[in-house]
Amino acid sequence: MAARPLLLSLHGGAGALFGVLLFVVLFSGAWSLGHDDLREWLRAPAQAGGEALALERLLERAGEEGVDIGDATLLLPAPGHAAFSVCDARLDCRLDLDPASGRVLPPMPALDLLLNLHKSLFVGFPGRVLVSLFGVSLLLLCLAGVLLHSRRWRDLRRWRRDRGLRLALFDLHGLIGIWGLPWLLLFGFTGALSGLGALGTLLLAPVAYPQEPNRVFVELMGPPPPTAEGRPLASRIDLDRLLAGDAVRAPGFVAQRLSLSHAGDVAGSVEIAGIQRGLPSTANFERHRYRLADGALLDERSSAQRGFWLRAFIAVQPLHFAQYQWLGPGWSAALRGLHLAMGLGACLLCASGLYLWLQRRASAPDARVLLLQRLSEGFCAGLVAAAALLLLGLQLAPSELLAGPWPGRLFLVLWAAAGLAALLLPGDWPLARGLLGVAGLACLAAAVAHLAPWLMRGRLPALGPDLTLILCGALLIRHAWMQARAAAPPAHPRVTGDHHA
313 MAARPLLLSL HGGAGALFGV LLFVVLFSGA WSLGHDDLRE WLRAPAQAGG EALALERLLE
373 RAGEEGVDIG DATLLLPAPG HAAFSVCDAR LDCRLDLDPA SGRVLPPMPA LDLLLNLHKS
433 LFVGFPGRVL VSLFGVSLLL LCLAGVLLHS RRWRDLRRWR RDRGLRLALF DLHGLIGIWG
493 LPWLLLFGFT GALSGLGALG TLLLAPVAYP QEPNRVFVEL MGPPPPTAEG RPLASRIDLD
553 RLLAGDAVRA PGFVAQRLSL SHAGDVAGSV EIAGIQRGLP STANFERHRY RLADGALLDE
613 RSSAQRGFWL RAFIAVQPLH FAQYQWLGPG WSAALRGLHL AMGLGACLLC ASGLYLWLQR
673 RASAPDARVL LLQRLSEGFC AGLVAAAALL LLGLQLAPSE LLAGPWPGRL FLVLWAAAGL
733 AALLLPGDWP LARGLLGVAG LACLAAAVAH LAPWLMRGRL PALGPDLTLI LCGALLIRHA
793 WMQARAAAPP AHPRVTGDHH A
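Mapping to our numbering: the sequence shown position 460 is 772, numbers consecutive.
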């Protein structure tokens, strides 16, 4: 068999086999990139602005709300995360406070659904490994696609939008694949390493330390905090003063969270975790531990102290999740926006590939083609529609209802209903374009619902989420309209004026 037909079979077959779930992974990944921005997008205008309270006062407010602050992790306000959050050691946040007033902010667990979907497909560590395998499939699809387009470098700027939907999507598929190739390879490679690296660590731990496998995690993450001595702590250092002193001692270090351990004990300690400018790492590996009693430095750990390969592995997470704060605020915002744009482009690449594969077989579809078409309509278009309606519902709902389970349940019900409708409705039912049209209208309505109260107060919010929603809504509506136009029967010659047709 010649090389090109083999590559075509590999590219199309792998896309058909993994395309639906790959779209789910890519779409939920794009959602994950905007997760913190969406959380701030849902905050009411009255909750913005003001000078932050002292950390000790915010801790008092958390204690008044019944949260255990003796052993807690505190997420500090930062760009994209304006709230002061009190979490447990696993970063499961129990309470969000307005840093300016100490007021309790309603939690929004529904936003975490797609984030958890991307991390583990709701099935824990096995799901994390499975998601990583889709990173491998994305790499294979990209490499096969590049080899297929190796003879079409002259077409890198060609996009024939006036010759039908199929040809327009064919050109768009190639444009995204070629121009977005560096980011697609980054998504696939870092995504594969994220879960498979963790699996490899678990499997190799008994080999490296047969008598004590858990030691590998101590070597990787550092030793646990000092144990409590059972004696009460009379007074402790002020946390704001400790943060200020740490900033002077370690210039270029940006604190992101504080972890209190045995805060009421004489052996209590606090760990300041964050990022170091110029070092691609995360707060899991850049940490300074101080004694609470007198503020003495107990331990300091950084990925800069590790070997080359371990540093490369540590850099995977910030590169995959667009955590570019280590480059500085200017570069971080620009690259994060580009990262999100490429993530949405990857979703479009996957969806257009599925559409083209199905269209090539539309004249004589077999059972697998019909099944893939229904799965694509229900679980891909349905996911987009359910996510858009979720954002609209969260924007319109009273703040008291945001903390409840109903928004998340509504999202899951809508997504499941779209999947069932695709499997049960007749094959000629225009389900996909209906779902995409609804998704587009919901995106536009959500942006308007967010902008209206800000503008009525004479203020302007951060426009990134709204502009993204408006652009996505317009594109979804346009695509639904183009699908309807492509499916319409040809007009009668007397209507078109072409009497020679």
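Yeah, the Cβ is synthetic: ideal placement off N, Cα and C, and Gly gets one too.
Note to self: Among the candidates M533, A693, G414, whose CA atom is the shortest distance from the CA of I626?
What the structure shows: I626 has its Cα closest to that of M533, out of M533, A693, G414.
Margin query: Using the Cβ count rule (16 or more neighbours within 10 Å means buried), how would you classify S321?
Written below: Per the 10 Å Cβ criterion, exposed.
Margin query: Tell me which residues share the same chain as D558 and place their Cβ nearer than 8 Å to its Cβ, disregarding the 5 neighbours each side in the sequence.
Written below: So the qualifying residues of the chain are F565, A567, I584, H600, Y602.
Checklist line | The alpha helix (DSSP H) enclosing Q629, as first and last residue numbers | finding: 628–632 is the span of the alpha helix (DSSP H), which, as asked, contains Q629.
Item checked: Proximity below 8 Å, CB of L748 to CB of H791 -> Taking 8 Å as the Cβ cut-off, L748 and H791 qualify as a contacting pair.
Notebook entry, point to check: To which residues of the same chain is G439 closer than 7 Å at the C-beta, ignoring the five residues directly before and after it?
Noted result: Result list for G439: S432, L433, in chain order.
Item checked: Candidates A394, L666, D408, S340, of which the one nearest R373 by Cα -> Checked all of A394, L666, D408, S340; the closest Cα to R373 is D408.
Notebook entry, point to check: Rounded to a whole number of angstroms, what is the C-alpha to C-alpha distance between A616 and Y521?
Noted result: For A616 and Y521, the distance between alpha carbons rounds to 24 Å.
Notebook entry, point to check: In three-state DSSP terms, what is S614?
Noted result: DSSP places S614 in coil when its eight states are reduced to three.
Check: My guess is that A326 and L452 are in contact by the Cβ rule of under 8 Å, so how many angstroms apart are they, rounded?
Finding: Correct: roughly 6 Å between the Cβ atoms.
Notebook entry, point to check: With a cut-off of 8 Å, do at least 3 Cβ pairs link the segment 469–483 to the segment 412–424?
Noted result: Contact between the segment 469–483 and the segment 412–424 is absent: fewer than 3 CB-CB pairs across the two stretches fall below 8 Å.
Check: Considering only residues of the segment 398–481, which uninterrupted alpha helix (DSSP H) runs meet the minimum length of 4 residues and lie entirely inside it, listed in chain order?
Finding: Within the segment 398–481, the complete alpha helix (DSSP H) runs of at least 4 residues are 424–432, 437–460.
Next item on the list: Report all residues from its chain with a CB closer than 7 Å to the CB of T663; omit the five preceding and five following residues, and keep chain order.
Entry: Before going on, a small fix: residue 663 reads as Ala here, not Thr. So the qualifying residues of the chain are F335, C692.
Notebook entry, point to check: Which term fits T598, buried or exposed, when burial requires 16 or more other beta carbons within 10 angstroms of its beta carbon?
Noted result: Contrary to the premise, residue 598 reads as Glu rather than Thr in this sequence. That one is buried.
Check: At which residues does the beta strand (DSSP E) containing V725 begin and terminate?
Finding: Annotation for V725: no beta strand (DSSP E) segment contains it, though the alpha helix (DSSP H) segment containing it runs 718–736.
Notebook entry, point to check: Where does P710 land, buried or exposed, given buried means 16+ other C-beta within 10 angstroms?
Noted result: Taking a 10 Å sphere around the C-beta of P710, we find fewer than 16 other C-beta atoms and assign the residue as exposed.
Item checked: Helix, strand or coil at I549 according to DSSP, with G and I counted as helix -> Three-state DSSP puts I549 in coil, outside helix and strand.
Next item on the list: In the DSSP assignment, find the alpha helix (DSSP H) that holds Y667 and state where it starts and stops.
Entry: Taken as a continuous stretch (DSSP letters only), the alpha helix (DSSP H) holding Y667 covers 641–672.
Notebook entry, point to check: So is V725 buried or exposed if we call it buried at 16+ other beta carbons inside 10 Å?
Noted result: It is exposed - the Cβ of V725 has fewer than 16 other Cβ atoms within 10 Å.
Margin query: Rounded to the nearest angstrom, what separates P630 and G392 at their Cα positions?
Written below: In a straight line, the C-alpha of P630 is about 15 Å away from that of G392.
Next item on the list: Express the C-alpha separation of G331 and L487 in angstroms, rounding to a whole number.
Entry: So the two alpha carbons sit approximately 19 Å from each other.
Next item on the list: Starting from the N-terminal side, write out each stretch of the alpha helix (DSSP H) that is 4 residues or longer and does not extend beyond the segment 491–570.
Entry: Entirely contained in the segment 491–570, the alpha helix (DSSP H) runs reaching 4 residues are, in chain order, 493–520, 527–533, 551–561.
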